[in-house]
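Numbering (this note's numbering), first residue to last: 18 to 223. Here a beta-carbon is modelled for each residue, glycine too, at the ideal position from N, C-alpha and C. Values in this document were obtained by computation on a predicted structure and should not be read as measured data. Structure, as structure tokens:
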């Protein structure tokens, strides 16, 4: 199965890369930040997801701003900006009504979009999602401290060629992954660009 990668412009002129694969009614996946449209398609972590979701539908995926093939020279990672990127993608494809699949921190973007455009979302599917991260809301002290330590490690080691940082992050991200999957995650990190502050995403307004 092949995918077609295109670009659209969000409301603040950020270029957002999106891809379609398969045939049939659309299914829009709101990606988590650890994505790269070109590299993800054949990787050992996400490949089975993409193939299954595109088997009977037209799967729509996109790289969030600051990551993958999307514009990396951005500074606004607010919830409004992330929702605007999703709006730009579905508008570029002229989708009128579609199911929305929010994965991990992509769930908060999916919920916010559905709240703002209920007439366009036929189904809302959330997997391993949350409404806010550890730096906002009523997160406990332990979770907050863990998130702070994790963020500092990322700030110091993200994208470095030193294997220890990348391997530690890969094991924290997917502790039960197979060795070849951990190797792929570790090797992909330098190609992803910056890490938007997913831990600080606030609750969407409804």
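Where the alpha helix (DSSP H) containing residue i begins and where it ends
i	result
residue 64	64-70
residue 106	96-109
residue 54	54-57
Sequence-distant residues of its chain with Cβ nearer than 8 angstroms to residue i (five each side left out)
i	result
residue 35	22, 23, 24, 25, 54, 77, 78, 79, 80, 106, 109, 110
residue 197	61
residue 199	184, 187, 188, 191
residue 48	78, 79, 80, 81, 120, 123
Close-in-space but distant-in-sequence residues of the same chain around residue i (CB under 7 angstroms, 5 per side omitted)
i	result
residue 71	18, 38, 39
residue 74	39, 41, 42, 43, 44
residue 222	With a pLDDT of 38 at residue 222, under the threshold of 50, the predicted position of this residue should be treated as unreliable, though the coordinate-derived value follows. Closer than 7 angstroms at the Cβ level, and outside the excluded window around residue 222, lies no residue.
residue 20	36, 37, 38, 58
Cβ-Cβ separation, residue j to residue i (assumed contact under 8 angstroms), whole Å
i	j	result
residue 33	residue 87	5 angstroms
residue 120	residue 46	7 angstroms
residue 141	residue 117	5 angstroms
Residue i burial status per 10 Å Cβ neighbour count (16 or more: buried)
i	result
residue 69	exposed
residue 122	buried
residue 145	exposed
residue 98	buried
residue 52	buried
residue 8	As displayed, the chain neither begins before 18 nor continues past 223, which places residue 8 out of reach and without an answer.
residue 59	exposed
residue 127	buried
residue 135	exposed
Start and end residues, beta strand (DSSP E) containing residue i
i	result
residue 132	Note, residue 132: premise wrong, no beta strand (DSSP E); alpha helix (DSSP H) at 123-133.
residue 143	138-144
residue 44	43-47
residue 23	20-26
Cutoff 6 angstroms; reference residue i; Cβ partners in own chain excluding five residues on either side
i	result
residue 137	114
residue 30	none
residue 130	100, 103
residue 27	33, 101, 102, 105
residue 202	187
residue 57	63
residue 65	none
residue 91	31, 82, 83
Reduced DSSP secondary structure (H/G/I, E/B, other) of residue i
i	result
residue 117	strand
residue 34	strand
residue 91	coil
residue 190	helix
residue 82	coil
residue 160	helix
residue 112	coil
Residue i: CB within 7 angstroms of a non-hydrogen atom of the ligand MN
i	result
residue 199	This structure simply doesn't include the ligand MN, nor any ligand for that matter.
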